[in-house]
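See structure below.
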Amino acid sequence: MTNSVAGELTDLELPVERGCPFAPPAAYERLREQAPINKIRLASGGEAWWVSGHEEGRAVLVDPRFSSDKRKDGFPLFTLDAATLQQLRSQPPLMLGMDGAEHSAARRPVIGEFTVKRLAALRPRIQDIVDHFIDDMLAADQRPVDLVQALSLPVPSLVICELLGVPYTDHDFFQSRTTMMVRRTSLQDRQQAFAELRAYIDDLVTRKESEPGDDLFSRQIARQRQEGTLDHAGLVSLAFLLLTAGHETTANMISLGVVALLTHPDQLALITADPGRTPMAVEELLRYFTIADGVTSRLATEDVQIGGVNIKAGQGVIVSTLSANWDPAAFNDPAELDIERGARHHIAFGFGPHQCLGQNLARMELQIVFDTLFRRIPTLRLAAPAADLPFKNDAVIYGLHELPVTW
Amino acid sequence: MTRIKADSALCVGSGQCVLTEPAVFDQGDDGIVVLLTDHPDDQSAAQARHAITLCPSRALSILEE
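Each protein sequence line maps, in turn, to chains X and S. Count the first sequence with the UniProt record's numbering and you get residues 1 to 407, in order. Count the second sequence with the UniProt record's numbering and you get residues 1 to 65, in order.
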C-alpha cells in the first residue's frame with residue numbers, strides 16, 4: 001500500500017464529524033462521486049480502500065476472502081491505537097472479529113434466541129416497558145424532559161437486561177461504561193471502562209453458571225454443559241458483545257428517529273394516520289442515519305477484484321455503510337427522508353455473515369417506541385432548535401447526548 | 001414454474017426472508033431458514049425474489065423451471 005502518490009489520497013480522520021446533523025460528511029459525497037471504491041489515508045498514516053457504493057459494499061461484506069479479525073497485521077484500525085490493540089490481542093475475540101468456521105460456531109448457537117417468532121413473543125412485554133417509561137414521563141413535574149434519559153436509553157437497557165438475565169439495578173453501571181468505551185475520550189478512560197465492564201460480566205457469567213435462571217445465558221450454559229464443553233471465556237465475550245451492542249445503538253436510533261419525525265411533520269403524519277407504515281418508517285430512519293458507520297472494516301486475505309478495483313491480499317478495506325446508504329444508485333434522492341421509498345435494502349445493520357444479530361429486536365423496539373410515543377403524546381415537540389441539539393460527533397456510534405422535549 | 005432453494009449451511013439466521021414473505025420462509029428453533037413451500041404462487045414468488053435480494057448471506061436462490 002505504499003506505491004500510491006500520497007498527494008492524490010484523501011485524508012480521513014475517522015469517525016468524521018457530520019457537518020449537518022442529518023447528512024453524511026461532505027467528504028463522503030466527494031469520495032463517492034469520484035468512484036465507488038477509493039484509496040484513502042487514515043489518521044494513523046496507513047492507507048485503506050474506502051467503499052462508498054452500495055453494491056460494492058455488499059459485495060465486500062458477503063465475500064469470505066475479507067477477514068474481520070482486527071488482530072491481523074494490516075487491518076484498517078481507526079478507533080484503536082497500539083495500546084488498545086495490545087489489549088484486544090490479549091482477550092478472546094468477540095464474534096464480530098471472527099471469520100469463517102470459527103465465526104459460524106460462535107454465532108449459530110445464539111441465532112435461535114433472535115428468531116422472528118421468538119421476538120414476536122416478546123412484543124407485549126416490550127410494549128409494557130415502553131408504556132411504563134412514558135407513564136413516568138407524563139407524570140414528571142418538570143418540562144422539558146430529556147428524552148434520552150427518560151425513554152431512549154432505559155427502554156433498550158431494560159429489554160436487553162431481561163433477555164440476557166442481567167439485573168436491571170446494574171444498568172447505570174454498564175450504560176456509563178459502554179458510553180465511555182465508544183466515545184473519543186482518553187485512552188486511559190476507555191481502557192478503564194473496558195476493564196471494569198469485562199470484570200462485571202465475568203462475575204455475571206460465573207453467577208449464571210452456579211445459579212441458572214430463565215434467560216439467554218443460562219440456556220447457553222445448559223446447552224454447553226449438555227455438549228460437555230463449558231466455555232467460560234467464550235460466554236464472557238458473548239455477554240460483553242450482546243450487552244454493549246444491545247442498548248447504546250437502539251437508544252441512539254430512538255432519539256434520532258424522534259428528532260427526524262418531529263422535524264418532518266409530513267412524514268410523522270403518515271405513521272400516526274396508519275401505524276401499518278411504521279415498519280417502513282423504521283427502515284428509512286435506519287438508512288438515513290446509519291449510526292454505526294465504519295464498523296464494517298475488513299482485511300483482504302487474497303487478491304480480490306471488486307468494482308473495477310484490484311484489492312491486494314493484506315490491504316485494508318473500510319465499507320462506509322453510511323455512504324452506501326446514501327448512494328443515489330441504490331436510493332433515489334437519498335437526502336430526502338421518505339418513509340414510503342422502500343428502504344429495506346439498506347445496510348445499516350451491515351451485510352454478510354456478520355449482519356447484526358439483534359437487528360429484528362431493534363426493529364421491534366423502534367416500531368413500538370415511535371407508535372406509542374406519538375400516539376400517547378401527540379403534541380410532543382422539541383424544546384430546543386434541532387440544529388442546536390448535542391449530536392454525538394465524538395462517538396463511533398452516532399446519536400444524541402441529550403434530547404429536550406416538551407408537550 | 002418457480003422453485004426456491006435455501007442453503008442452510010450459508011444461512012446466518014437474520015430473518016430477513018421471514019419478514020419479507022412468511023408464506024414461503026420460516027425459521028426453525030435454531031434460527032436457520034426453513035422453506036414452507038419451494039413452489040410459491042406468483043404473488044409469493046415476487047415477494048420471495050425480494051427476500052432473495054435482502055438475504056445477507058446469499059443463502060437463497062430461485063430457479064425458473
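The beta carbon of each residue, even a glycine, is placed where N, CA and C say it ideally should be.
Cut-off 7 Å between Cβ atoms - residues of its own chain near residue i, not counting five sequence neighbours on either side
i: residue 202/X; result: 236
i: residue 99/X; result: 67, 68, 69
i: residue 89/X; result: 71
i: residue 109/X; result: 220, 223
i: residue 23/X; result: 335
i: residue 350/X; result: 61, 296, 321, 356
i: residue 114/X; result: 357, 358, 360, 361
i: residue 174/X; result: 197, 200, 243
i: residue 147/X; result: 255, 258, 403, 405
i: residue 15/S; result: 27
i: residue 228/X; result: none
i: residue 52/S; result: 60, 61, 62
Neighbour flag for residue i against chain S, beta carbons, 8 Å
i: residue 353/X; result: yes
i: residue 310/X; result: no
i: residue 159/X; result: no
i: residue 112/X; result: yes
i: residue 359/X; result: yes
i: residue 278/X; result: no
i: residue 116/X; result: yes
i: residue 107/X; result: yes
i: residue 7/X; result: Any answer about residue 7/X is weak, because its pLDDT of 48 lies below 50 and its placement is not dependable; what the coordinates show is given next. No, residue 7/X does not count as interfacial toward chain S.
i: residue 344/X; result: yes
i: residue 62/X; result: yes
i: residue 2/X; result: Unreliable positioning characterises residue 2/X in this predicted model, as indicated by a pLDDT of 34, which lies under 50. The coordinate reading is nonetheless provided below. No - not a single Cβ of chain S is within 8 Å of the one on residue 2/X.
Cutoff 8 Å: residue i Cβ touching any chain X Cβ
i: residue 47/S; result: no
i: residue 29/S; result: yes
i: residue 56/S; result: yes
i: residue 14/S; result: yes
i: residue 24/S; result: no
i: residue 19/S; result: yes
i: residue 53/S; result: yes
Beta-carbon proximity of residue i to residue j, cut-off 8 Å
i: residue 54/X; j: residue 303/X; result: no
i: residue 311/X; j: residue 300/X; result: yes
i: residue 323/X; j: residue 52/X; result: yes
i: residue 337/X; j: residue 267/X; result: yes
i: residue 158/X; j: residue 216/X; result: no
i: residue 42/X; j: residue 12/X; result: yes
i: residue 57/X; j: residue 347/X; result: yes
i: residue 353/X; j: residue 12/S; result: yes
i: residue 339/X; j: residue 277/X; result: yes
i: residue 144/X; j: residue 372/X; result: no
i: residue 315/X; j: residue 49/X; result: yes
i: residue 325/X; j: residue 363/X; result: no
i: residue 393/X; j: residue 30/X; result: no
i: residue 306/X; j: residue 59/X; result: yes
i: residue 3/S; j: residue 50/S; result: no
i: residue 390/X; j: residue 247/X; result: no
i: residue 250/X; j: residue 366/X; result: yes
i: residue 383/X; j: residue 263/X; result: no
i: residue 46/S; j: residue 36/S; result: no
i: residue 78/X; j: residue 14/X; result: yes
Neighbourhood of residue i by C-beta, 6 Å cutoff - its chain only, sequence neighbours within 5 removed
i: residue 190/X; result: 181
i: residue 368/X; result: 126, 127, 130
i: residue 150/X; result: 137
i: residue 283/X; result: 343, 344
i: residue 1/X; result: Model confidence at residue 1/X stands at a pLDDT of 35, short of 50, so the residue's coordinates are unreliable; what they give is reported in the following sentence. The answer, listed in chain order, is 47, 315.
i: residue 6/X; result: Reliability of the predicted coordinates at residue 6/X is poor, the pLDDT of 42 falling under 50, and the value obtained from them is presented with this limitation in mind. Counting only Cβ-Cβ distances below 6 Å, and skipping sequence neighbours, we find nothing.
i: residue 154/X; result: 133
i: residue 5/S; result: 61
Nonlocal neighbours in the same chain, by C-beta distance under 8 Å from residue i, ignoring five residues either side
i: residue 111/X; result: 357
i: residue 3/X; result: Any reading at residue 3/X needs caution, since the residue's pLDDT is 36, under 50, leaving its predicted position unreliable; the model's value is listed next. Taken in chain order, the list of residues that qualify is empty.
i: residue 241/X; result: 94, 95, 96
i: residue 1/S; result: 39, 64, 65
i: residue 92/X; result: 233, 234, 236, 237
i: residue 28/X; result: 16, 52, 320, 322, 323, 326
i: residue 172/X; result: none
Which ranges would you report for the alpha helix (DSSP H) in the region 178-219 of chain X if only whole runs of at least 4 residues count? Fully enclosed alpha helix (DSSP H) runs of 4 or longer: 187-210.
Counting pairs of beta carbons, one from the region 250-265 of chain X and one from the region 387-402 of chain X, are three or more of them closer than 8 Å? Yes: the two stretches touch, three or more of their Cβ pairs being nearer than 8 Å.
Can you list the alpha helix (DSSP H) stretches of 4 or more residues lying completely in the region 96-141 of chain X, in chain order? Fully enclosed alpha helix (DSSP H) runs of no fewer than 4 residues occupy 100-111, 116-139 of the region 96-141 of chain X, in order along the chain.
In chain order, which continuous runs of the alpha helix (DSSP H) of length 4 or greater are located wholly inside the region 359-388 of chain X? You should have 359-376.
Secondary structure, beta strand (DSSP E): runs of 3+ residues fully inside the region 3-61 of chain X: Here the runs fully enclosed are 10-12, 37-42, 47-51.
Could you check whether the region 135-151 of chain X touches the region 45-59 of chain S, counting it as contact only if at least three pairs of C-beta atoms, one from each stretch, sit closer than 8 Å? The region 135-151 of chain X makes no contact with the region 45-59 of chain S: fewer than 3 CB pairs, one atom from each, lie closer than 8 Å.
Could you name each continuous alpha helix (DSSP H) segment of 4 residues or more that falls completely within the region 246-288 of chain X, going from the start of the chain to the end? Unbroken alpha helix (DSSP H) stretches of 4 residues or longer found wholly inside the region 246-288 of chain X: 248-263, 265-273, given in chain order.
Whole runs of the beta strand (DSSP E) within the region 293-355 of chain X, excluding any shorter than 3 residues: 297-300, 304-306, 309-311, 316-319, all fully within the region 293-355 of chain X.
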